[in-house]
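S.K.:
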Amino acid sequence: MTSPLMLQGEAALTGVIRFGIIGCGALGVVHALRLIELPDVEVTAVSDPDEKAMERLVNALREKGVAYPISTHTNYRDLLTADGLTATCINSPNRWHVEQILASLEANLHVLCEKPLTMEPNEVTLVAEATEKSGKIVAIAYQSRYRRDSRALRQLLRSGKYGRVTSINIYSGEDWITPNRGTWRHDPARCPGGFFADANGHQLDVLFWITGLEAATLRATIEKRGTPVPMFIFGEARLRKQGTRELEGEEPTTLTFTFVGDKRLWQEEIHIQTERADFVFRQTDLLWSDGTAGLVPVPDSLLETVEDYDTPDTGFVKALRGVAPILSPPESVAPVLNFTLAALASAERGSAVQR
């Protein structure tokens, strides 16, 4: 089963595409401002139980010159009946994502949804099946998949030119305490995986997507660092090809990971070692070395082999226009979800978990 990757032929959309924003917090504002910068795209409805949040988002759009009417709805189901909508962009607390996607599809709307989709594997299947049945596009906003350097590295690794991936190390940290204190992100009921599940899906997703690997076994340790939710996690895993039950190669690909939610500044590095070259994502830069010199930026000639999407919003609208595929359909979240649940289980048990 696969989700529609883009609208084709007569189904491709022309004219103005109108979005309804569900969830008007910081990410709701980010997506709304991205969307209105695209040609013939409007944000004409917003929804949030917090009327001040809706007011802030509408004001942000007005400051960018948006003059057309924007309806506001404290109940997202009322937004779904607003006139002329094409799609919803969902940025609500994680626990509402599945419900709101399914309701949007029932309302005959396409959906761009923030990650994580869910913490329940059966709900991934439910959303994927509903998407296929609807004929609509649903995309999860895994932003790293839409970056040119990520897609170029995916091509390089899968070409076989540099041999198999032998080891990977992820280090990612940010201050996830100060801006989120007192919000739903520190509520175990609404964000049970805390910093690990909510913020670190991007690093895990791009890793599994570009390599085609997933966790076979893993061991993890988690600390809450004085908060109600997981805030620090480190561990190790052995990886295998996705969809198989065998470990990759005679010597399995190893993964070590550290995610730190109580840092003072954002820092991200992903090291990927292959048999014939090393690659490093450092902050927003992609570096590499084949051993003949130190780490240097990947040449523009390699990056130019892939189309520039920039953001999930751009990719989503291009898919609606029928000119580019969606890179992150609902079922694509499975490797990250399985890893997240196994890591949480390992930390709780104090022992390794085999997937």
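Be aware that the sequence shown starts at 265, since it is given in our numbering, and climbs by one per residue.
Quick reminder that beta carbons are idealized off the backbone N, C-alpha and C, glycines included.
Note that the structure is predicted; figures quoted are calculated from it, not measured.
#1: Can you tell me where the alpha helix (DSSP H) holding Ala-416 begins and where it ends?
#2: Quick one, which of Arg-409, Glu-438 and Gly-458 has its alpha-carbon nearest Thr-447's?
#3: Tell me the DSSP secondary structure of Pro-313 in three-state form.
#4: Express the C-alpha separation of Val-362 and Glu-387 in angstroms, rounding to a whole number.
#5: With H, G and I counted as helix, E and B as strand and the rest as coil, what does DSSP make of Glu-233?
#6: Taking contact to mean at least 3 C-beta pairs separated by less than 8 Å, is the region 388-405 in contact with the region 595-605?
#7: Taking the straight line between their C-alpha atoms, what separation do you get for His-337 and Leu-343?
#8: List the endpoints of the continuous beta strand (DSSP E) containing Val-375.
#9: Across which residues does DSSP place Ile-285 in a beta bridge pair?
#10: Within 10 angstroms of the Cβ of Tyr-332, are there 16 or more other Cβ atoms? Answer buried if so, exposed if not.
#11: Under the rule that 16 or more other beta-carbon atoms within 10 Å means buried, what is Ser-553, buried or exposed?
#12: Let's test the definition: count the other Cβ atoms within 10 Å of the Cβ of Ala-275 and tell me whether it reaches 16, buried, or not, exposed.
#13: Leaving out five residues on either side along the sequence, give the residues of the same chain with a beta carbon under 6 Å from the beta carbon of Arg-415.
#14: Using a 10 Å radius around the Cβ and a threshold of 16 neighbouring Cβ atoms, would you call Met-265 buried or exposed?
#15: Can you tell me whether His-450 sits near the ligand NAD, meaning its C-beta is under 8 Å from at least one heavy atom of the ligand?
#16: So, Leu-519 versus Leu-551, is the Cβ gap smaller than 9 Å?
#17: Using the Cα positions of Cys-377 and Ala-607, report the straight-line distance between them to the nearest angstrom.
#18: For Ser-311 and Ala-367, I'd like the C-alpha separation in whole angstroms.
#19: So, with DSSP's three-state summary, where would you put Trp-473?
#20: Please report the residue range of the alpha helix (DSSP H) in which Ile-300 lies.
#21: Between which two residues does the beta strand (DSSP E) carrying His-622 extend?
M.R.: Looking at the coordinates:
#1: 412-422
#2: Comparing C-alpha distances from Thr-447 to each of Arg-409, Glu-438 and Gly-458 shows the shortest one belongs to Gly-458.
#3: coil
#4: 7 Å
#5: The question about residue 233 has no answer, for the chain in this structure spans 265 to 619.
#6: yes
#7: Each residue's Cα considered, the two are about 6 Å apart.
#8: 374-377
#9: Val-310 and Cys-353
#10: exposed
#11: exposed
#12: exposed
#13: Val-570
#14: Note on Met-265: pLDDT 41, under 50, position unreliable in the model; the coordinate value appears next. With fewer than 16 other Cβ atoms within 10 Å, it is exposed.
#15: No copy of the ligand NAD occurs in the structure displayed, which carries no ligand at all.
#16: no
#17: 24 Å
#18: 14 Å
#19: Residue state, collapsed to three classes: helix.
#20: 290-300
#21: With the chain represented from 265 up to 619, any question about residue 622 goes unanswered, as that position is not in the structure.
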